[in-house]
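Chains as they are written, first to last, in my numbering: chain A, 62 to 465; chain B, 2 to 264.
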């Protein structure tokens with residue numbers, strides 16, 4: 062059964078240059094025969110459908126129309142042309158706890174949030190205990206949520222949305238909510254929803270999430286569907302297309318405030334064109350070309366290497382490695398070197414980032430963006446090349462290393 | 002029409018928003034919800050004292066009836082401008098019918114109004130007991146629910162309209178306060194309707210276009226037994242609120258689809 066059907070959906074925005082319209086601005090615009098607005102097609106002729114049990118990823122650079130598409134499916138926005146048909150109860154995690162009021166307690170907010178989603182009070186009463194249990198906030202449920210931490214608020218919102226058992230769940234960049242334990246719990250829950258035949262639509266910049274969760278991926282580019290298909294193919298093409306255009310901020314892969322961006326990355330010491338390849342034990346180095354649009358003090362450059370199935374092999378940053386950077390401004394180069402690469406043969410993914418010291422601001426993150434291969438001459442298995450040696454001593458004869 | 006009926010499905014949300022509205026207004030105050038009663042009580046007392054001290058020749062009961070009806074109207078209209086614009090996150094992230102906002106705002110104010118009417122009845126009985134004021138409560142009293150429905154239709158119609166306007170025109174908020182001031186003097190609150198009829202001549206018909214005229218006049222009929230004018234035009238003007246409700250809601254339903262684009 063088709064649970065979501067988007068037919069020829071287009072969305073036109075009128076971008077105003079003067080902020081919110083007032084009588085004066087309209088008047089002045091009329092007098093000066095100036096149009097205070099500009100037309101902008103956020104989406105053009107989007108056609109797709111989702112089956113029950115399918116998880117669909119939506120990827121694309123900032124401003125490509127991901128959020129607009131999700132908003133139209135959630136029917137918070139009306140399409141300019143075309144239509145969207147959804148079947149079943151829809152819950153969206155576009156903004157968790159959108160209907161929460163800071164002065165009301167957790168309990169009151171659960172009921173308010175449920176009502177906003179159009180769920181009968183009876184149902185919420187029945188689910189109340191499991192909502193609270195899932196959120197893990199039973200001690201705070203009678204406390205006004207203005208005293209909650211932001212993580213707690215998000216957890217409560219997530220719990221309401223997921224416990225009411227929607228048929229369609231829209232997720233925008235929030236799979237990573239709460240602490241590690243909560244993230245694990247919510248991932249498991251989303252997995253269970255998939256198995257129960259629910260439809261999930263996930264918009265994310267995190268290619269790892271997309272590869273892990275999705276059955277199909279839609280790549281949006283300038284409001285149009287660039288490609289849709291299996292995750293591996295579409296994600297790889299997206300990453301490559303994003304890299305082909307090193308100038309112009311909107312076309313760089315990754316996400317962040319983009320105040321400082323990674324403009325280009327060159328793998329050193331790897332042979333030739335195509336996917337970089339290294340040998341186990343090679344010196345691995347990467348030249349990162351960055352550009353800071355404004356002066357950024359104390360930035361931190363970070364990297365991580367994952368296996369192709371997203372196990373973290375190694376990660377560090379300039380803070381950990383004691384390479385403090387006072388400030389960056391304009392263009393520059395940063396070189397990352399890993400001496401004698403201790404990885405065994407396999408496909409790996411390099412992530413790069415520029416963020417603030419407290420990790421609160423991500424200027425630019427490129428998660429799992431750069432694939433590279435490692436070949437090794439040894440037949441050792443695993444990920445890490447532990448240079449193992451064996452010492453064989455039959456008969457218990459004392460070796461040179463032992464005391465005696 | 003379907004979209005209007007659909008709103009019944011959202012009664013839980015409406016109830017929630019109304020309660021939230023009422024709860025938050027008095028949150029943290031010691032007397033809490035009692036203020037909805039204390040406020041009109043003191044207002045009436047203060048009018049009583051000062052009208053006596055200053056020897057102003059205004060009929061106190063009919064002034065108070067007018068003021069209470071006017072307060073319900075003013076609260077709704079001044080709340081209406083923010084009914085939509087105060088909830089950008091809800092508008093952008095949720096999809097329930099937007100009519101829920103003006104409706105719950107009006108209902109919250111209606112509850113306050115009903116409570117102030119209780120105070121009014123108590124005050125009027127005391128007043129007639131101690132000051133020999135004769136109040137002819139009679140047959141018209143059964144019309145009270147009808148008059149309240151009439152005014153509620155009116156404020157809902159205007160409320161939806163102005164809530165919508167403020168999304169597209171931020172100036173609505175500021176125009177509103179001026180508009181309400183002029184409107185106050187165009188409504189028979191400080192003066193009896195009879196006075197206008199005597200002095201306005203042919204402009205009286207124009208005056209009747211103010212839908213608050215029949216509302217206030219009917220309340221006075223209900224509570225004080227002051228009969229409304231017998232002109233057919235007056236009865237016609239009693240239909241104005243429903244016309245405004247229809248126009249306001251139709252306009253709102255047409256525009257609500259694009260609220261999210263404007264926030």
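Quick reminder that beta carbons are idealized off the backbone N, C-alpha and C, glycines included.
As the structure is a prediction and not an experimental result, all values here were calculated from the model.
Closest by C-alpha distance to residue i, when choosing among the options
i, options, result
"residue 319 of chain A", "A:351, A:342, A:347, A:259", "A:351"
"residue 392 of chain A", "A:317, A:354, A:446, A:371", "A:354"
"residue 109 of chain B", "B:82, B:225, B:85, B:76", "B:76"
"residue 265 of chain A", "A:112, A:117, A:102, A:445", "A:117"
"residue 86 of chain B", "B:230, B:106, B:7, B:33", "B:106"
"residue 211 of chain A", "A:340, A:222, A:240, A:200", "A:240"
"residue 122 of chain A", "A:399, A:316, A:378", "A:316"
"residue 349 of chain A", "A:425, A:149, A:107", "A:425"
"residue 144 of chain A", "A:68, A:173, A:127, A:174", "A:68"
"residue 259 of chain A", "A:268, A:242, A:286, A:231", "A:231"
"residue 433 of chain A", "A:441, A:359, A:453, A:412", "A:412"
"residue 428 of chain A", "A:395, A:339, A:300", "A:300"
"residue 23 of chain B", "B:69, B:64, B:80, B:42", "B:80"
"residue 257 of chain A", "A:205, A:218, A:223", "A:223"
"residue 151 of chain A", "A:161, A:101, A:113, A:165", "A:113"
Euclidean distance between Cα positions of residue i and residue j
i, j, result
"residue 264 of chain B", "residue 90 of chain B", "9 Å"
"residue 247 of chain B", "residue 71 of chain B", "21 Å"
"residue 168 of chain B", "residue 163 of chain A", "24 Å"
"residue 165 of chain B", "residue 73 of chain A", "20 Å"
"residue 382 of chain A", "residue 416 of chain A", "15 Å"
"residue 321 of chain A", "residue 31 of chain B", "52 Å"
"residue 161 of chain B", "residue 46 of chain B", "34 Å"
"residue 384 of chain A", "residue 397 of chain A", "11 Å"
"residue 156 of chain B", "residue 219 of chain B", "16 Å"
"residue 249 of chain B", "residue 159 of chain B", "6 Å"
"residue 306 of chain A", "residue 178 of chain A", "Low local confidence applies: a pLDDT of 42 at residue 306 of chain A is under 50, so the model's placement there is unreliable, and no value is given."
"residue 197 of chain B", "residue 205 of chain B", "7 Å"
"residue 103 of chain A", "residue 132 of chain A", "12 Å"
"residue 9 of chain B", "residue 139 of chain A", "22 Å"
"residue 71 of chain A", "residue 134 of chain A", "12 Å"
"residue 298 of chain A", "residue 120 of chain A", "11 Å"
"residue 254 of chain B", "residue 137 of chain A", "14 Å"
"residue 308 of chain A", "residue 62 of chain A", "Because the pLDDT at residue 308 of chain A is just 43, under 50, the model does not fix this residue reliably, and the value given afterwards should be weighed accordingly. Distance between the alpha carbons of residue 308 of chain A and residue 62 of chain A is about 43 Å."
"residue 145 of chain B", "residue 56 of chain B", "31 Å"
"residue 311 of chain A", "residue 168 of chain A", "Confidence in residue 311 of chain A is poor, its pLDDT being 40 and thus under 50, which makes the residue's placement unreliable; the coordinate value appears in the next sentence. The straight-line gap from Cα to Cα measures roughly 42 Å."
"residue 247 of chain A", "residue 154 of chain A", "12 Å"
Proximal residues of chain B, C-beta to C-beta of residue i below 7 Å
i, result
"residue 165 of chain A", "21"
"residue 160 of chain A", "91, 95"
"residue 71 of chain A", "Those do not exist, as residue 71 of chain A stays about 13 Å from chain B at its closest Cβ, beyond 7 Å."
C-beta neighbour in chain B for residue i, strict 8 Å
i, result
"residue 172 of chain A", "yes"
"residue 415 of chain A", "no"
"residue 311 of chain A", "Low local confidence applies: a pLDDT of 40 at residue 311 of chain A is under 50, so the model's placement there is unreliable, and no value is given."
"residue 101 of chain A", "no"
"residue 74 of chain A", "yes"
"residue 105 of chain A", "no"
"residue 338 of chain A", "no"
"residue 153 of chain A", "yes"
"residue 222 of chain A", "no"
"residue 307 of chain A", "Confidence at residue 307 of chain A is low in this model, with a pLDDT of 40, below 50, so the placement of that residue is unreliable and no value is reported for it."
"residue 111 of chain A", "no"
"residue 176 of chain A", "yes"
Test: residue i CB closer than 8 Å to a CB of chain A
i, result
"residue 164 of chain B", "no"
"residue 14 of chain B", "yes"
"residue 97 of chain B", "yes"
"residue 91 of chain B", "yes"
Listed by chain order, chain A residues near residue i by CB distance under 8 Å
i, result
"residue 27 of chain B", "Chain A residues near residue 27 of chain B: none, gap ~11 Å exceeds 8 Å."
"residue 10 of chain B", "179"
Residue i: contacting residues in chain A (beta-carbon distance under 7 Å)
i, result
"residue 261 of chain B", "132, 137, 138"
"residue 180 of chain B", "None at all; the shortest Cβ gap to chain A is about 14 Å."
"residue 258 of chain B", "139"
Neighbouring residues, chain D, relative to residue i (Cβ below 8 Å)
i, result
"residue 150 of chain A", "Given the protein chain composition of this structure (A and B), no chain D is represented."
Contacts that residue i makes with chain B (C-beta to C-beta distance below 9 Å)
i, result
"residue 182 of chain A", "13, 16, 17"
"residue 447 of chain A", "Under the 9 Å cutoff, chain B gives no residues; its nearest Cβ is about 50 Å from residue 447 of chain A."
- Query: Is the stretch 263 to 279 of chain A touching the stretch 362 to 373 of chain A in the sense that three or more CB pairs, one from each, lie closer than 8 Å?
  - Reply: The stretch 362 to 373 of chain A is in contact with the stretch 263 to 279 of chain A.
- Message: Would the stretch 28 to 39 of chain B count as touching the stretch 175 to 192 of chain A if we require 3 or more Cβ pairs under 8 Å?
- Response: Taking a cut-off of 8 Å on C-beta distances, the stretch 28 to 39 of chain B does not touch the stretch 175 to 192 of chain A, as fewer than three cross pairs fall below it.
- Message: Pairs of beta-carbons, one from the stretch 403 to 410 of chain A and one from the stretch 430 to 450 of chain A, closer than 8 Å: are there three or more?
- Response: Yes: at least three Cβ pairs fall under 8 Å.
- Kindly confirm or deny that the stretch 280 to 287 of chain A and the stretch 238 to 258 of chain A touch, where touching means at least three C-beta pairs closer than 8 Å. The stretch 280 to 287 of chain A is not in contact with the stretch 238 to 258 of chain A.
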